[in-house]
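Numbering (our numbering), first residue to last: 345 to 650.
Right, dumping it as structure tokens:
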């Protein structure tokens, strides 16, 4: 937690420091040695003079309720897939079932301003993914993310919500009840200190965790300037499977998906298009085939986000 508090220090730089010195030794290095590693004055000060009050406050967060955990990079519970990415978080704050971290996950993201078609299809695909044995991972945002979490929970599946805020500051506030439900039946995750407010730059950062935790990413609706395309870029860089749902050529919220398909993302029309990429996983393909449902129509207005 001391290292995580060093301002503006890249995670890769922290890992490089730890490869040279154990943490206890780092805290006692001469200033000249730290300067040789190109640390700035404020970073050196944060390392040599940690804010122990703030650190203790963060640690005490786990005592506020059951099923709260803080795990570090070398913890045995830390998700193996997330360790593979180029900039993994040092710490993860968790509220819920931490065992889901290493479950087979499919991430699902899309537009906050989704259409009724996007609402229905995200909800329906997630229901099938849950029945097939996947944990559904998303970002708790308005729109597609919310319908993804809701679809998993309504169908007795598991879901993970990765937040761009601290877990004491659920955002958006409209999803407070949904977040509570996720914490009870799934898992809330953040790399940020518990009281971290909604800072715009933190939301693109959390997207690398959404894709990093997952075997593959499904983009349901996305405009050409959508944040979902940031997550898709991370998924490609992390060598994850990338899927996209096609839409009408007249729908601006489908343009990003069509662009992804043109660039090599797999076009999906049903659950088997995803499940067949993971046939090596026990029971996934079998569950997908036995549970597959074709949705001819639906009523998005009947889906309630809590």
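The C-beta atom is built at its ideal place from N, Cα and C for all residues, glycine as well.
State the start and end residues of the unbroken beta strand (DSSP E) segment that holds residue 440.
Translated into the one-based positions of the chain shown, residue 440 becomes position 96. Boundaries of the beta strand (DSSP E) around residue 440: 435-440.
Can you give me the Cβ contacts of residue 550 inside the same chain, cut-off strictly under 6 Å, excluding the 5 residues immediately before and after it?
Translated into positions along the chain shown, residue 550 becomes position 206. In the same chain as residue 550, and ignoring 5 residues on each side of it, the C-beta atoms closer than 6 Å to its own belong to 506 and 508, in chain order.
Express the C-alpha separation of residue 464 and residue 379 in angstroms, rounding to a whole number.
As a working note, residue 379 is residue 35 in the chain shown. As a working note, residue 464 is residue 120 in the chain shown. Cα-Cα distance, rounded: 55 Å.
Among 395, 430 and 487, the one whose alpha carbon lies nearest that of residue 467:
Residue mapping note: residue 467 aligns to position 123 of the chain shown, counting from 1. Selection 395, 430 and 487 evaluated against residue 467 yields 487 as nearest (Cα-Cα).
Residues bridged to residue 412 (per DSSP):
For the purposes of this step, residue 412 is taken as the residue at position 68 of the chain shown. Residue pairing by DSSP places residue 412 opposite 439 in a beta bridge.
Is residue 565 helix, strand or coil when you go by DSSP?
Taking the chain shown and counting its residues from 1, one reaches residue 565 at position 221. In the structure shown, residue 565 falls within a coil segment according to DSSP collapsed to helix, strand and coil.
Buried versus exposed call for residue 540 [16 or more other C-beta atoms within 10 Å across all chains shown]:
Sequence index remark: in the chain shown, residue 540 carries index 196 (1-based). By the neighbour-count rule (16 or more Cβ atoms within 10 Å), residue 540 is buried.
Delimiting residues of the beta strand (DSSP E) encompassing residue 449
Indexing the chain shown from 1 puts residue 449 at position 105. That run of the beta strand (DSSP E) goes 449-453.
Assigned secondary structure, residue 470 (DSSP; H/G/I helix, E/B strand, else coil)
Your numbering for residue 470 matches position 126 in the chain shown. In the structure shown, residue 470 adopts helical secondary structure according to DSSP, grouped into three states.
Determine whether the beta carbon atoms of residue 563 and residue 575 lie at a separation below 9 Å.
On the chain shown, residue 563 is found 219 positions in, with the first residue counted as 1. On the chain shown, residue 575 is found 231 positions in, with the first residue counted as 1. Cβ atoms of residue 563 and residue 575: closer than 9 Å.
Beta-bridge partners of residue 585, as assigned by DSSP:
Along the chain shown, read from residue 1 onward, the residue named residue 585 stands at position 241. 560, per the DSSP bridge assignment.
Taking the alpha carbon of residue 454 as the point to measure from, which residue in 386, 590 and 624 has its own alpha carbon closest?
Within the chain shown, the letter at position 110 stands for residue 454. Of 386, 590 and 624, the residue nearest in Cα terms is 590.
Any alpha helix (DSSP H) of 4 or more consecutive residues that is wholly inside the stretch 348-398
You should have 355-364, 367-370, 375-380 and 385-392.
Residue environment, residue 352, which counts as buried when at least 16 other CB atoms sit within 10 Å
Within the chain shown, residue 352 is the residue found at index 8, counting from 1. So residue 352 counts as exposed.
Below 8 Å, how does it come out for the stretch 416-430 and the stretch 385-399: are there three or more Cβ pairs, yes or no?
No, the stretch 416-430 is not in contact with the stretch 385-399.
Proximal residues to residue 405 (C-beta, below 6 Å), its chain only, five neighbours per side dropped:
As a working note, residue 405 is residue 61 in the chain shown. 538.
Given that a residue counts as buried once 16 or more other Cβ atoms are within 10 Å of its Cβ, and exposed if not, what is residue 418?
The residue you call residue 418 lines up with position 74 of the chain shown. Its Cβ having fewer than 16 others within 10 Å, residue 418 is exposed.
Minimum length 4: unbroken alpha helix (DSSP H) runs contained in the stretch 527-552
List check, alpha helix (DSSP H) in window: nothing returned.
Put residue 494 into one of helix, strand or coil per three-state DSSP.
As a working note, residue 494 is residue 150 in the chain shown. When secondary structure is reduced to three states using DSSP, residue 494 falls in the helix class.
DSSP three-state call for residue 485: helix, strand or coil?
Your numbering for residue 485 matches position 141 in the chain shown. In the structure shown, residue 485 sits in coil (DSSP, three-state: anything other than H, G, I, E or B).
If the criterion is Cβ atoms closer than 9 Å, does the pair residue 496 and residue 479 meet it?
Counting from 1 along the chain shown, the entry for residue 496 is found at position 152. Counting from 1 along the chain shown, the entry for residue 479 is found at position 135. Yes; because the gap between Cβ atoms is below 9 Å, this pair is in contact.
Count the other CB atoms, across all protein chains shown, that sit within 10 Å of the CB of residue 472; report buried if there are 16 or more and exposed otherwise.
On the chain shown, position 128 is the one that residue 472 refers to. By the 10 Å Cβ count, residue 472 comes out buried.
Just the C-alpha distance for residue 642 and residue 523, rounded to the nearest angstrom, thanks.
The residue given as residue 642 occupies position 298 in the chain shown. The residue given as residue 523 occupies position 179 in the chain shown. Confidence at residue 642 is low in this model, with a pLDDT of 39, below 50, so the placement of that residue should be treated as unreliable; the coordinate-derived value is given next. Going from the Cα of residue 642 to the Cα of residue 523 covers about 25 Å.
For my contact list, residue 557 and residue 566 are in at a C-beta cut-off of 8 Å; report their separation, rounded to the angstrom.
Counting from 1 along the chain shown, the entry for residue 557 is found at position 213. Counting from 1 along the chain shown, the entry for residue 566 is found at position 222. 20 Å between Cβ atoms; not a contact.
Quick one: residues in its chain with C-beta nearer than 6 Å to the C-beta of residue 513, no 5 flanking neighbours on either side, listed in chain order?
Walking along the chain shown from the start, residue 513 turns up at place 169. Exclusion of the five residues before and after residue 513 leaves 541 as the residues of its chain whose Cβ lies within less than 6 Å of its Cβ.
DSSP-derived helix/strand/coil call for residue 670
Here the chain comprises residues numbered 345 to 650, so residue 670 is not present and cannot be evaluated.
Go through its chain and collect everything with a Cβ distance to residue 415's Cβ below 6 Å, but skip five positions before and after it.
In the chain shown, counting from the first residue as 1, residue 415 sits at position 71. 421, 422 and 436, listed in sequence order.
Mind reading off the beta-carbon distance from residue 588 to residue 609? Whole number of angstroms is fine, and I expect it under 8 Å.
Position 244 of the chain shown, counted from the first residue, corresponds to residue 588. Position 265 of the chain shown, counted from the first residue, corresponds to residue 609. That pair is a contact at about 4 Å.
Over what stretch of residues does the beta strand (DSSP E) that includes residue 504 continue unbroken?
Position 160 of the chain shown holds residue 504. It spans 503-506 - the beta strand (DSSP E) in which residue 504 sits, taken as one unbroken run.
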